[in-house]
Amino acid sequence: MIALALFGLYASTFVYTFILNYVHARKSNLPYVCVPWDQNHLFWMLASVPSRPFLKKHLPTWIWERLSLTVYAFEFTEKLRPFTQYAAPQGNDKTYVLVSMGYFEISTRDPEIAWEILSSQRSKTGFIQHDLIKVFMSRFGPNVLTSDGEAWARQRKVVASSITERISKRVFEESLRQVEGLLEEVFLLDGCGGGGGGGGDESRCETERLFDGMKKITINVLSSAGMGESVEWKDEKNSSPEPGFRMTYIQAVNAVIDAVAGPLVLPKWFLSYYPTFLPGGKFLRSVGYAIEEFPIHTKALLERENKKSALEGKTRSNIMSQLLRASESETKDGVRTLSDEEMMGNLFIFTAAGFDTNANALSYALVLLARYPQWQEWISEEIDAIIPAEMSIAEMDYASIIPKATRTLATMLETLRLFPPAIHMAKQTKVEQTITTSRGTFWIPANATVYINNIGLGRDPDVWRNLNLKDGETSNEVDDETVFRPSRWINADGGLFQPPRGTFSPWSSGPRICPGMKMAQVEFTSIFLMLLRRHRIEAVAMCKSANGEVENRREVEKRLDQSIEDSIAILTLQLPNVYDQKKGEGIKLAVVKR
Ligand code: HEM
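Each residue of the sequence shown is one higher than the last, beginning at 312 in the numbering used here.
Right, here's the structure in full:
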């Protein structure tokens, strides 16, 4: 009887939350969709993503279509469907409330609401960072991403001022050097140029390791521009741990990022001693090691940077050095601008925010350019016009090249429009809010979550369909906004299209816009300038059968489309099965001299 009564009490809290959310949804003046389920239950958060294919296959469609809205990364898997299926019939196809047994959640692709929320993030009483971001991302100390109000403003000032034009220049130079190393390796060490059987000849090399190459470049650039530790391409310093460590600095950050969806909140002792033979044992152990080693790595890096700065007698042009100098100064109230914990927290967030996002944007662009090769010719035309054929890397000048690389930057923007690493920005209310837009006035209760849906914003036909179609350029697609077409970013006068406010936010918008945006743009642009300057990327046709029959072009395209469609979101949106692949697995690309 007692057990039954307790269960009844437990169940009634869910029913109560559901009814309350329903009442609030009615009051909000927004469309709503009822899903009597707790999307925030820890068990569901951990189990729903891996179970998605099974549930999709076995549940009746009418149940799955609703339940899928509670599974992490539904923004990508469902795209505009929830808006057209549930919100549009209620008179507003841009926003809806999920009436569930968990948090009161809103998903919006309304540029006006997005702008209203993102531009008002300064105060502690408006829309603030989500509690879950704070729980997961402040494991090593409070930082700019996890703070609000005064603490955020103080840290943001330091962080923003540490990413200067000097840093961008360094990112440019380092990226060029790293791509040169990658190409050398692909042609010489992979055996294509040397006839070592790598699948190619002097002018063409096939490899499935370009994606790992993108990761390595991102790590090495971050290491140089971020930590002041310049690394040669051939140097394995960033790939294998130093004596006494189980992981490199970046591996530790990576393991922590992979654990963000859950295990990161577990205590260190549990992670370090969890038996490896139990399910998930190896993974949990590696998270334990990472949590143990990250602070030791960071302290060592800070000490090294302090010594180097003292030796050179100045602040060096890397982010860590700039942060260190800032941390030694004081605000007018005599408080240190960055405490030791904040220093550690911000160094972690810089690496976490700057690594995965960049590497995945680069990998998507590789596949998209192989899938739509006409855009490579378009970029190459620009490269030939801005970089003379005989110019050496040492002669390439950041200030004169980067501002002219409009098409290359447009390619990045188009990649992020369709595949934003951050599929949403999660914001929370502490007190009730009202937002007035041209669609009406909407009420949002306290403790609500608003997901600004980057996938929905990027695919809005009202903004993107047939944008900047040039004479003679026809989009054969009905849904042009879903097609990779970088030229939509180039206006008739050759300038870059400036999206109306709130319509394009892969780096967020307003006061909390990503401080690494320029750095990421410079890195992407430099990498593709260097990669496509003398080469092009081709998708390699795979064997279809034992008798050696290979795919035709249409089949290759279908395979690439499927890979893109199967994208997964851990912390960021990413292609499946492209990193750490064995020979013959993953997506094989050919680097061909042009
Ligand atoms: C393609 C690359 C990148 C993308 C798409 C991206 C995206 C974003 C987004 C969407 C946010 C807002 C998150 C939120 O409010 O919940 C953000 C914040 C942030 N990003 Fe990036 N980012 C990129 C690269 C970088 C790089 C290279 C760095 C630094 C080296 C960086 C550092 C940060 C930091 C510190 C914040 C927190 C800012 C604040 O809350 O005031 N990001 N980024």
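Yeah, the Cβ is synthetic: ideal placement off N, Cα and C, and Gly gets one too.
Query raised in the report: Are the Cβ atoms of Val532 and Ser486 separated by less than 7 Å?
Result: For the purposes of this step, residue 532 is taken as residue 221 along the sequence shown, with counting starting at 1. For the purposes of this step, residue 486 is taken as residue 175 along the sequence shown, with counting starting at 1. Going by C-beta atoms, Val532 is nearer than 7 Å to Ser486.
Report task. State the beta-bridge partners of Leu900 as determined by DSSP. Result -> Here the question's residue 900 lines up with position 589 in the sequence shown. Beta-bridge pairing links Leu900 to Thr518, Ala850.
Query - Cα-Cα separation between Phe605 and Lys893, rounded to whole angstroms - result: Counted from its first residue, the sequence shown places residue 605 at position 294. Counted from its first residue, the sequence shown places residue 893 at position 582. Going by the C-alpha atoms only, they are around 29 Å apart.
Query raised in the report: How would you call Gly505, buried or exposed, if buried means at least 16 neighbouring beta carbons within 10 angstroms?
Result: For the purposes of this step, residue 505 is taken as the residue at position 194 of the sequence shown. Note that Gly505 has pLDDT 47, beneath the 50 cutoff, so the model's placement of it is unreliable and the number below is only indicative. Burial call: exposed.
Query raised in the report: Can you tell me the Cα-Cα spacing of Val761 and Asn863, whole angstroms?
Result: Locating residue 761 in the sequence shown gives position 450, where the first residue counts as 1. Locating residue 863 in the sequence shown gives position 552, where the first residue counts as 1. Distance between the alpha carbons of Val761 and Asn863: 45 Å.
Requested in this report: For Trp818, verify whether its CB is less than 6 Å away from any heavy atom of the ligand HEM.
Outcome: Here residue 818 refers to the residue found at position 507 when the sequence shown is read from its first residue. Yes, Cβ of Trp818 sits closer than 6 Å to a heavy atom of the ligand HEM.
Query raised in the report: How would you call His369, buried or exposed, if buried means at least 16 neighbouring beta carbons within 10 angstroms?
Result: Numbered from 1 along the sequence shown, position 58 holds the residue referred to as residue 369. By the 10 Å Cβ count, His369 comes out exposed.
**Report entry** Residues of its chain near Met853, where Cβ-Cβ distance is below 6 Å and the 5 sequence neighbours each way are ignored
**Finding:** As a first step, residue 853 must be located in the sequence shown, where it is residue number 542. Contacts found: Glu862.
Query raised in the report: Okay, do the stretch 830-842 and the stretch 439-446 touch, 3+ Cβ pairs below 8 Å being the bar?
Result: no
**Report entry** Whether Glu653 touches Gly452 by CB criterion (7 Å)
**Finding:** Counted from its first residue, the sequence shown places residue 653 at position 342. Counted from its first residue, the sequence shown places residue 452 at position 141. Yes, they are a contact pair.
Query raised in the report: If we count Cβ pairs, one from each stretch, closer than 8 Å, do we get three or more for the stretch 340-354 versus the stretch 312-321?
Result: no
Report task. Determine the extent of the alpha helix (DSSP H) in which His335 is found, giving its start and end residues. Result -> For this step, residue 335 is matched to residue 24 along the sequence shown. 313-339 is the span of the alpha helix (DSSP H), which, as asked, contains His335.
Query raised in the report: How would you write the range of the beta strand (DSSP E) that Phe753 sits in, first residue to last?
Result: Taking the first residue of the sequence shown as 1, we reach residue 753 at position 442. Counting along the chain, the beta strand (DSSP E) containing Phe753 begins and ends at 751-755.
Query raised in the report: Is DSSP giving Gly507 helix, strand or coil here?
Result: Taking the sequence shown and counting its residues from 1, the one referred to as residue 507 is at position 196. Its pLDDT being 44, under 50, Gly507 is placed unreliably by the model, and nothing is read from it.
Query raised in the report: Pick from Pro342, Trp373, Gly437: whose alpha carbon is nearest that of Val742?
Result: What you label residue 742 is simply residue 431 of the sequence shown in a count that begins at 1. The shortest Cα separation from Val742 among Pro342, Trp373, Gly437 belongs to Gly437.
Query raised in the report: Are the beta-carbon atoms of Val721 and Trp800 separated by less than 7 Å?
Result: As a first step, residue 721 is located in the sequence shown; it is residue number 410 there, counting from the start. As a first step, residue 800 is located in the sequence shown; it is residue number 489 there, counting from the start. At residue 721 the sequence reads Ala, which differs from the Val that was named. Closer than 7 Å, so yes.
Query raised in the report: How would you label Arg520, buried or exposed, when you count the other beta carbons within 10 angstroms and need 16 or more for buried?
Result: The residue you call residue 520 lines up with position 209 of the sequence shown. With 16 or more other Cβ atoms within 10 Å, it is buried.
Query raised in the report: For Ser749, which of Phe581, Glu423, Ile875, Met736 has the nearest alpha-carbon?
Result: Start at 1 with the first residue of the sequence shown, and residue 749 comes out as number 438. Here the closest residue by C-alpha is Glu423.
Query - Beta-carbon spacing of Thr529, Asn669 below 7 Å - result: Translated into the one-based positions of the sequence shown, residue 529 becomes position 218. Translated into the one-based positions of the sequence shown, residue 669 becomes position 358. Yes, the Cβ-Cβ distance between Thr529 and Asn669 is below 7 Å.
Query raised in the report: What are the start and end residues of each continuous alpha helix (DSSP H) run of 4 or more residues lying completely inside the stretch 385-469, in chain order?
Result: 385-389, 422-429, 442-448
**Report entry** Span separating the alpha-carbon of Met702 from that of Gly599
**Finding:** In the sequence shown, residue 702 corresponds to position 391, counting from 1. In the sequence shown, residue 599 corresponds to position 288, counting from 1. The straight-line gap from Cα to Cα measures roughly 48 Å.
**Report entry** Nearest neighbour of Lys367, chosen from Ser691, Arg488, Ala336, Thr388 [CA to CA]
**Finding:** Within the sequence shown, the letter at position 56 stands for residue 367. Among Ser691, Arg488, Ala336, Thr388, the Cα nearest to that of Lys367 is on Thr388.
Query raised in the report: Is Met830 near the ligand HEM, going by C-beta to nearest heavy atom under 6 Å?
Result: On the sequence shown, residue 830 is found 519 positions in, with the first residue counted as 1. True, at least one ligand heavy atom lies under 6 Å from that Cβ.
Query raised in the report: Going by the C-beta, is Met448 closer than 6 Å to any heavy atom of the ligand HEM?
Result: In the sequence shown, the residue the question calls residue 448 occupies position 137. Not under cutoff, so the answer is no.
**Report entry** Secondary structure of Asp891, DSSP reduced to three states
**Finding:** Mapped onto the sequence shown, residue 891 falls at position 580. Residue state, collapsed to three classes: coil.
Requested in this report: Enumerate in chain order the residues of its own chain whose CB-to-CB distance from Phe659 is below 6 Å, with the five nearest sequence positions on each side excluded.
Outcome: Looking up residue 659 in the sequence shown gives position 348. Cβ neighbours of Phe659 beyond the five flanking positions: Phe451.
Query - Residues that DSSP places opposite Arg647 in a beta bridge - result: Position 336 of the sequence shown, counted from the start, is the residue given in the question as residue 647. According to DSSP, which records beta bridges pairwise, Arg647 is partnered with Glu641.
Query raised in the report: Apart from the five residues just before and just after Met828, which ones in its own chain have a Cβ nearer than 7 Å to its Cβ?
Result: Residue 828 sits at position 517 when you count from the first residue of the sequence shown. Once the five neighbours on either side are set aside, the close Cβ partners of Met828 are Trp818.
Requested in this report: Alpha carbon to alpha carbon, how far is Thr406 from Gly507? Give it in angstroms, no decimals.
Outcome: Walking along the sequence shown from the start, residue 507 turns up at place 196. Walking along the sequence shown from the start, residue 406 turns up at place 95. Confidence at Gly507 is low in this model, with a pLDDT of 44, below 50, so the placement of that residue is unreliable and no value is reported for it.
**Report entry** Rounded separation between Thr793 and Arg770 - CA only
**Finding:** By 1-based counting over the sequence shown, the position of residue 793 is 482. By 1-based counting over the sequence shown, the position of residue 770 is 459. Taking the straight line from one Cα to the other gives about 6 Å.
Query raised in the report: Is Gln739 helix, strand or coil by DSSP?
Result: Reading the sequence shown from its first residue, position 428 is the one you call residue 739. Looking at Gln739 - three-state DSSP - the assignment turns out to be strand.
Query raised in the report: Got a sec, what are the start and stop residues for the beta strand (DSSP E) Ile746 sits in?
Result: What you label residue 746 is simply residue 435 of the sequence shown in a count that begins at 1. It spans 744-748 - the beta strand (DSSP E) in which Ile746 sits, taken as one unbroken run.
**Report entry** Proximity test, Ile660 beta-carbon vs the ligand HEM heavy atom, cut-off 6 Å
**Finding:** As a working mapping, residue 660 is identified with position 349 in the sequence shown. Yes, the ligand HEM has a heavy atom inside 6 Å of this Cβ.
Query - beta strand (DSSP E) segment containing Thr760, residue limits - result: Taking the sequence shown and counting its residues from 1, one reaches residue 760 at position 449. Looking at the DSSP string, the run of the beta strand (DSSP E) that includes Thr760 is 759-764.
Query raised in the report: So which of Asn888, Glu386, Val497, Glu476 has the shortest CA-CA distance to Gln633?
Result: Locating residue 633 in the sequence shown gives position 322, counting from the first residue. Out of Asn888, Glu386, Val497, Glu476, Glu476 has the C-alpha closest to the C-alpha of Gln633.
Query raised in the report: Counting along the chain, where does the alpha helix (DSSP H) carrying Val867 start and finish?
Result: Residue numbering aside, residue 867 sits at position 556 when the sequence shown is read from its first letter. That run of the alpha helix (DSSP H) goes 864-876.
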